[in-house]
Structures are given as C-alpha cells and as structure tokens.
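Comments concern the structure below.
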Amino acid sequence: MKTHRVPRVQRKRAKSLRQGVCLLSPCTREQPVSVAPKLTTPAKQEVFRQGVVQFHVHQKDGILVCTEFFYGSCFLGAMCPRHHTPRPYHWQLRESQSKQWVSISHSAQQHLEALYCNHTVDTATLKESPEASASWELDLQTLLIKNSLIYNKARRLATTSDPVTSYSFHVDWVIYWQEEESWNTYQEPIATYLNAAFEKGMWNQAFSLKDVIYNVDLKKFTQRNVKTGFTRSIRRRPRFFSDVRLSRNLQRVNNSIPGISFDSHPTFSRNPFLPAFRNYPPTWVPGLPEEGIFAKIPVPVSSITYRHIYKLFHKTVPETSACITAIHQIQNPWLWGKYENQRDFMAQRSAGEGSLINEMHLFHGTTQSAVEAICRMNFDPRLSGSKNGHVYGQGFETPAAEYEFTMKRPLKVEDALSYLDQVKLQFGSQPQMYSEFLDIMKEFKSQCIDTPGVINRVCQLFNGHPDLIMGFNTFLPPGYKIDVQINNLVSITLPGHQVQPHGIQLHPSTQAPPYQSAVPSTPAAAPLTCQPPPAKISRSSPPSLKGQCNPPNPTCSFQCISPVQLQAPVRASSPQSNRLLESNLSTDCHVNKNTDCFKATPGCKAFLEVVDTYQDALGQGVVQCHIHEKNGVLVCPDLFSGCCSFGAMCPRHHTPRPYHWQLRESQSKQWVSISDSAQQHLEALYCNHTVNTATFQKGAKAAGSFQINLQTLTVRSSAPFDQARRLTTTADPETSPLFHTDWVIYWQEGTSWKTYEEPIASQLEAAFEKGMWNQAFSLNDVIYNVDLKKFTQRNVKTGFTRSIRRRPRFFSDVRLSKNLQKANGVLPSNSDSRAFSQNPFLPGLTSYPPTWVPGFPKDGFFARIRVPVTSESYQHIHELFHRTMPETQFFIVAVEQIQNPQLWSKFESKRDFMAQRSASGGTLVNEMHLFHGTTERAVDAICRLNFDPSLAGTRNGHIYGKGTYFARDASFAAKYTTLETGERHMLIATVLAGQWVKGHNFVTQPQPLKNSISSGELYDSCVNSEDEPTMFVIFDSCQCYPYYLIRYKDITDRVVVF
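Okay, so the sequence shown: first residue is 1 according to full-length UniProt numbering, each after it adds one.
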C-alpha cells in the first residue's frame, strides 16, 4: 500500500520575496494525524463549542451538514436536524464497544481531510497524541480502522454535493481511474454521469468511449472493459478546500477556525506582488522595526496579502501535500534601501537600451538556523556551494557601472492594459471613477493639461489608493516620479529636484532636465532650466511663468524659469493641499500646449506617445471605430483580435463587426452608417439568398420608406440615399481564419436556389475576387458560360440562361461572440453567469438541472430567469433552435430558464421510476429535449401547472392521440406558434419518451406492450413513425418538464436604419 510522501524538492521550498519580504513556515502532511478524540457518553448527538459558536453532530448516519449554518441563516439553531460543524466537512471515529461516534480534535480535521482528498494516498496513520506510541491505520478507501481495539471505523460528514442547493459549500467529488502507477480523471459528461449515479445509489453503470463499452461498479470501485474483461481500480475523493480558501465564504463560523481572524491590518489588504515604485513595499507596517535592524511581522491569515502568497506557494506545492503554518513579512529598511538603489540603477540602464530589470518573486529553501542571518544581512553569495553545490555558478556581486540615460524603456500596450485592469478592479462598484480617469487621459491627449496637471489630477482621483498612484509612474516621462510614504504623504520628484517630507530638499536627481544650461550652478543657486515661452497656459498654471536666467545664460533664446524652492509635501486627502500641490507643480514645470514645443521636449513627447498608445488600445472599453470614405477598403480583422498596431491610423476600416452597412447620401455623396441595431437585421436579409429587396425606414414610426435592390445595392425609388455598400473583411481564410467572409454562389432552378459543387464553387469565387468576370466550366459534358458581372449562367449549346447570386454566409452576434476578443464592448458582453457556464442538455442525474440559479423562485411557484446571451448555455440553446430555424429568417429575442421545483420533483420521480424499470429489464428512459409551439397567454399556465394532456385537440387536433405534442425540430413546432406583440413563443421541454409506439387519433393512452399484455404495462409515448420519429405524444404530465422558453420573431424585409 502507498503512503503519502512529499517530494524532497517540495519539502525544501520556502518563500523569500523581494530580498526577504515574506517568510513561509510550511509543514508536510506525512506525519501521523493526532486525532485526540473526545470520549463522550452515549447520546443522540454530540454538542461542543469553539469560541462563542455552539455546534452539534447527530449520531445517525446519512445526515448532511447544514449549509445555512455557514451563512448565519439557520433559524432552527440547536434544534436543526442537520449537523452544525465548524467546516463543511467533519471527521469522527466510532468506538468499538459503545458504537458511538466521537469527533477528532479540531486541529486534526484539516490534516485528515487533506490526506483523504489526496487520491494517491491509501492509508493514514492515526495517533491519540503526538507523544503517544500506539498508532492505528485508517484505510481511506473503506474508512475502516486497523490495529485498534478502541475504534473500528471512521466517517466523514459533509454538505450536499448539489451546487444548486449550496453553491459556496457543496462537496465537489472527483472520480479517478488508475493507469499503472498514475490516476486520471474521467472527462465530461462521463464524470457527471457517474457522480450522479453514485448519489442515487445506482451502483452498476456503463458508458461507451471510442466504441468501447465499459462497466463500472461504484460499490466495488472497479471499471471493466466488457470486450476484453480487463479491470481497473477507480477512486472517488472530494476536492480539498483548506481553511484559507474556506475563509472567503464562511460568514457564521469564521472565528471558530484556528488562525482565521478577520481583524486584518489595513496594510495587508492588498496584493504584495503588484509592481510599484515607492520607498518601501506597500504592505510594510509603519513604525517597525522598533528595535534592531529588522522585524518579522506575522501576516494575518484572512488578509488579501496572505491569500496571494498562499496561492503562489500552492501553485506548485499541492495543498494536500503541505500546509503553511505561518507567513512572516520581513522589514529591514537598510537592506531594502540597498535593493531599491540597485533597482533604480538597473532601471536607468534598461532605459539606455541595456538589459531589463525583470523583477520577480522567487523561492529559496533554507534552514531554520539560517533565517535570522538572512533577514539581518541578506543572502550571501560567498556561501555558494557550502551546502548544496553550485551547478550553475557561484553567486557574486558585480560592480555598479555609471550609466547615463535620457529615456525610460519602451512601453508596450500590455503595460497600459494591465494598469487599467487594476483601475477597473479597484473601482468595480464605481464606474464613474474609471470614466473620470479616461477623461483625464483624453484631456492630456488634446493638450488641455500638461504632465504636472496629469500628476495632480491622478493623485486627487486615486486618493487613498497608493498602489494606483505609484503605478502611474510607469507612464511618466524621465525625471518625474510619484512616491506615497507610509504616513500617506505624497512626494513628487521633478526633473532636477524633489519634493520631500518635512520641507527637506534633496540634491537634484541624476536625470538632466531638458535644456539644462552648461553653466555650472553654484551651491546657492538652483539648477537652471531654460524652456520656450508658453503659447497657452493651462487652467492649473499660475498667471505668469515668465522669468530670467539666473545666472544669466547667453546661449538661451527662450524666456527662462529658475526652479523655485518647493514646499513640504502635502497629504492627498486635503483639498487645500491639492491646490498647493497643483500650484507648486505648475510653477516648477512649464506648461506648454504647442505641439512643436512637445517635439522639442523629449520627456513630454515620450509621455504623449505612451498615453496615445494605451488610450487607443483601450478605447474606453468600447471599440473606437473609423471608416474611410474610399471604396475598395477592407475591414481590419486584427481589430477583433486586439492586435491592430495602427490604431486610429489604420488604413483599413475599424468596425464593430466583420461587416458594416452604410448608405450614400444623394446630394453630398457621403457615406453614413446605419444604426447598430439595424446592422444585423440587414445582414440577415442580405445573406438570405432568396430575398431580392429590402425596405428601409428612417424610424419605427416614420411614414416614408424606400426600397433597395440587394443584388445591385441600389435604391429603387427617389430617396435621400441613392446607394448602399457593405464593408467586409477579406475572403481569404489564410489571411484571417476566424473573421474572413465566406461567400457562396447560388444558381436558380425554377423557384429554388442551389449551390455550386466543388471545385466549380472555388473556381468562380476566386475569379470574382480577381475581377475575371467571364468564366466557363464543364459539367456532365455540357459547357456553361458564367458572367460574374451580370450574374448569369448560360448553356453554350442551347443558349438557356439562368440567374446566379453571390451572398455571404450569415454569422449572428451570438456566433461571432465566440471569437471576438476586442469588440465585445459593442456586441453582447462576455459577463457570463457561472450557473449558465455549461451545456444544459448533457445527461445528468442531479437533483436539479445543472444550470438552475440558487434562490429562485423567491415568490410563487416558478421563476423565469433570462439566460445571458454570451453564456455557454445560451450558445447550446441557440444552436439547437437554429438547427432547423434559419438565422436569416428568425431572430431570438430572449431565452428564459423556467425554475419550478414542484414540477421538477414530479418529473424526477417519474424519471427514477423509469430508470429502475429499465435497470430491471424494462423499457428505456430515452430522455429528450423537444420543442412545443404555444401562445403568449398559455406560457405562464404551462410554467405553473405543466403541460395538460386533457386539452388535446382543443386547438390543433390530435392525429396521433389525445395528449401533449412535442416535436424534434423547432421548425415543425413553429407552425403552432402565433405572432403576438411582434413575438412568437416556443418551449424546449425535457421529455421522458421511454418506449414508443405509433399513435392513432382516438387513443387516450399508449397501447399495452407487446410482451407485457398480461401485466398491463403500457408503452410510454406515441409517435408519428416508430423507425424515425419526429413527433412525440405524452399522456402523463409527469413525463415532461418545461425547461426553456424561447421568445423569437420573424426577420421581415422592413429595416429601421436610423
């Protein structure tokens, strides 16, 4: 049997961040579990306390842990029939004599849970205490205890495994199958199917994979190949959730878990790994160390800082293999000062096209005896090889070389995107803050404010968020730097000098300011800065910035400003301080709005280019489109992938979709775009090759209208517009695999249209793209001539002429949303609901459908919940509906999920009954998803009371029996819908078809089974054809459930273009 061992390389891992910022104390899970059970007298339940919270555990098996208890919403309290435990799981041992269950110690709960969740572990060693010599062995597969006279079994109490019932605290079970020494997980939908069967107690299951049938015994945990007889072991274990991960959701009992305290220091309420340029790390606690050179400060377990460190550590060290006992933040100002100086030097070298900084957070395993020395004196490269060798070199320090620089490293679009992501994350509930920041950037781009003005506005906007303020340093020109001290004081470094706390002025920075005079400055004189005279003065500037060179500079052709003595730093939280800061910056740094002066100042020019780059790339979260007037220009496919480097200067069109429709004004000959809501409507009509014309209307209530010929794209009647055009991407799939236009050429036969077969289709399309209008091809020894300009096909021998038509394939917004990366701000948002992030039609035996939203219905019997357009569930419903309903003719307005627990309970009971009958050699269940056309006024009645077979024939007849009719194809069910308020209504029902027989118009129930006439057992449903049924008649309402409501409308030829 295997025992759990942590690899040596993992045991040696500890963490040292940013020259010893954080220190981890990990422990392994290989030592015995000290269970220390509490012996109790026989009772119906065990009651115990942790802090102020009282818990109780029932002796009876088969009871779940109460999930409402963790939310603080269990109103039954001590009378609750379910377990109240500190965690969503709880371990107990059973005494051999009294048969009573007793809980193991609180500290051992997580240890034993981690071992159990590690699917590679077979056994665990239990001890009453760490000092005890006697130990017992627990078989983690059967939960039987060996070598013990006191206890004979263990049990694991847990919450429900249904995510609908308890989304945050459900148990996520995983089933593994063994392949030699390794274990693999089952893929979907097999995994869901086996888990659901296990929950139902249906032990014998079968599935097919790659034409091979496997039989699974969920009681013996074996998988057998039916053909070869080869048997494998399987294993079912839950996913592990540590106390740290659980603490995010636990509301009621968070103080009962050891080490979990929510009174976190505010300095630890941030991510310690975000890039920042400041005097000290953002998570440092002020005032420490009080004595000595360094301080080791415990990081609170429930803090954001702890979670980020925890996540990084456990990225490669499994939670089931090692646990973190403590994390200490190391504060050594002396070492940090040296580290920051080296970082600044490397930044200067990087800006001078030297090597990059590449600041990383890496791990260093060490011993307990070496920790103090490292915290005090740093890592010592001279000790390289004294303990573990030096296969890649002996560490040493290189002398720092003097290196002048004038520019920072070139910035990338990703830098700006990353910064804006941080702004969005910080102000998720305050979108106006994000918009205001973008407005500041727009003002700078339009030269309404200068660099100091940007710094001032950003400091005011992000007051209280030092990470964002200092992160803005990335986009500042050389010589500028913002620092936020531990006491929330803001200091600004300007070219040539620096604002410092307490009025202290340091030496000028090593960055030479623009136009610095060659005349050396005296100690009494401030550094000289010569600048061009102002063309315009910003709103933040003082009335006059005119000055003279001091000392006089004979080479200066500009009016000069001598930097003033700057005042002490100000707190960003004070309005008066903000005005003072603005005045200081404006006085010191000349405000110039002339473009030529920007070119003369490298720092300002660099900053302007950076802001332009990331402003264009982000587009305020919405696509900034531009369209050229010239014809023959393609739509840029790179825009949709977010990789168009030209931005607003791109010579191709930037449009929200890979297609775009415009109309040309008759008088001005200018192209104007139709409304965004009309784009998809007109595109659907154009892609429908059977449609010849479209009627345009300026408004929904406008009286006037005009027609357009979709073949020639010309306006027929007199109108303010004379022509239309369709902008599109390339037709070459190699140039743009995801967003190319797929054109199809049709030829007419009578009233129908047919497509050309290959290779004729490719030949004609390639000729059209190259402007080779006259083409010929031979088919069945007949030669045809094709005119691609007049769109005709002529039989050369007989002279018979047919019409041809070239139209693109239609891609709706729903289908486009799968691939659009950049333009999802214009098309439906990708904010997907987690409940709808799966296929609703996968087979499953869960208590409720996997896509049900918890907490609904809140009032009444049922709830109709709108399915998000970009969710995976919507995609599958959209695909099933449009399998027989062309997208060019019908448009889905909304999809609503129907949640009626009472109806679902009846349906589930019927399904279980049919499943048991099937397992005993009866008929199959045959669960299907079928369509049912209905009226708007009947929808709520069906959602509330289900389909009523007794109403058969009251509206549409009963040719196959007096029951409820369902169709395999949506196109057939559409015949029974009615157009009301501009919409039609169709239901997708989950139907238990079972075993069917062909129906007749007079039957009120299915016929008896052929082989079961004496027993009276009936068929489950009637169909129109036993071999290939497309219509199903159900006589028992418990065999169907209204799953989804689809509201859709017909696509008419009338388009409201504005």
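Glycine is no exception: its CB is placed at the ideal position from the N, C-alpha and C atoms. Values in this document were obtained by computation on a predicted structure and should not be read as measured data.
Remark: C-beta atoms of proline 88 and threonine 159 approach each other more closely than 7 Å. The Cβ-Cβ distance between phenylalanine 294 and asparagine 332 falls below 7 Å.
Going by beta carbons, tyrosine 1041 and tryptophan 904 fall inside the 7 Å limit.
If you check the CB distance, phenylalanine 437 and valine 454 do not come in under 7 Å. Looking at the DSSP output, proline 1008 sits in a beta bridge with Leu1018. With fewer than 16 other Cβ atoms from the protein chains shown falling within 10 Å of its own Cβ, proline 651 counts as exposed. Taking all protein chains shown into account, phenylalanine 841 has 16 or more neighbouring C-beta atoms within 10 Å of its C-beta and is therefore buried. By the CB criterion at 7 Å, threonine 884 and serine 762 fall outside the cutoff.
Annotation for phenylalanine 1058: Ser675 and Lys698 place their beta carbon closer than 6 Å to its own, counting only its chain and skipping 5 residues before and after. Within the DSSP secondary-structure output, glutamate 95 pairs in a beta bridge with Tyr151. Per DSSP, the continuous alpha helix (DSSP H) segment holding proline 452 begins and ends at 451-461.
For phenylalanine 462, same chain residues with a beta-carbon under 7 Å away, outside a window of 5 residues either side, are Leu468 and Ile469 in chain order.
Within the same chain, Val216, Thr231, Arg232, Ser233 and Ile234 come within 8 Å of threonine 222 by CB-CB distance, once the 5 residues on both sides are set aside.
Beta-bridge partners of cysteine 1040 (DSSP): Val991.
Pairing valine 744 with threonine 729 gives a Cβ-Cβ distance that is not under 7 Å.
With a contact defined as Cβ atoms closer than 8 Å, asparagine 900 and phenylalanine 947 miss out at about 12 Å. Our two residues, leucine 634 and histidine 654, have alpha carbons roughly 9 Å apart in a direct line. By the Cβ test, the segment 1024-1033 is not in contact with the segment 1042-1055, since fewer than three Cβ pairs between them sit closer than 8 Å. Spatial neighbours of glutamate 113 in its own chain (CB-CB distance under 6 Å, excluding positions within 5 residues in sequence) are listed in chain order as Tyr89. Fewer than three beta-carbon pairs drawn from the segment 803-810 and the segment 874-881 are found closer than 8 Å, and the two stretches are therefore not classed as touching.
With respect to alanine 132, leucine 93 sits apart: the two C-beta atoms are not nearer than 7 Å.
In this chain, the alpha helix (DSSP H) harbouring valine 814 covers 813-816. Checking the DSSP bridge columns, you'll see arginine 834 has no partner listed. For cysteine 323, the enclosing beta strand (DSSP E) stretches over residues 322-331.
In this structure, the straight-line span from the alpha carbon of glutamate 1017 to that of lysine 1010 is close to 9 Å. Residues of the same chain with their beta carbon placed closer than 6 Å to that of cysteine 448 are lacking, with the five preceding and five following residues left out of the count. Excluding sequence positions up to five before and after lysine 146, its CB lies within less than 6 Å of the CB of Glu137, all in the same chain and listed in chain order.
Inside the segment 866-911, DSSP marks whole alpha helix (DSSP H) runs of 4 or more residues at positions 872-881, from first to last along the chain. With a 10 Å radius around the Cβ and a threshold of 16 neighbouring Cβ atoms, methionine 441 comes out buried. In the assembly as shown, tryptophan 661 is a buried residue. Its beta-carbon has 16 or more other beta-carbons within 10 Å. Closest in alpha carbon position to leucine 987, among Cys643, Gly963, Phe1035 and Thr935, is Thr935. Within the same chain, and ignoring the five residues on either side of alanine 776 in sequence, the residues whose Cβ sits closer than 8 Å to its Cβ are Ile783, Tyr784, Asn785, Val786 and Val796. Going by beta carbons, serine 668 and aspartate 722 fall outside the 7 Å limit. Annotated three-state conformation of serine 971 is helix, per DSSP. Per DSSP, reduced to three states, the secondary structure at histidine 660 is strand. In the structure shown, the three-state DSSP call for glutamine 109 is helix.
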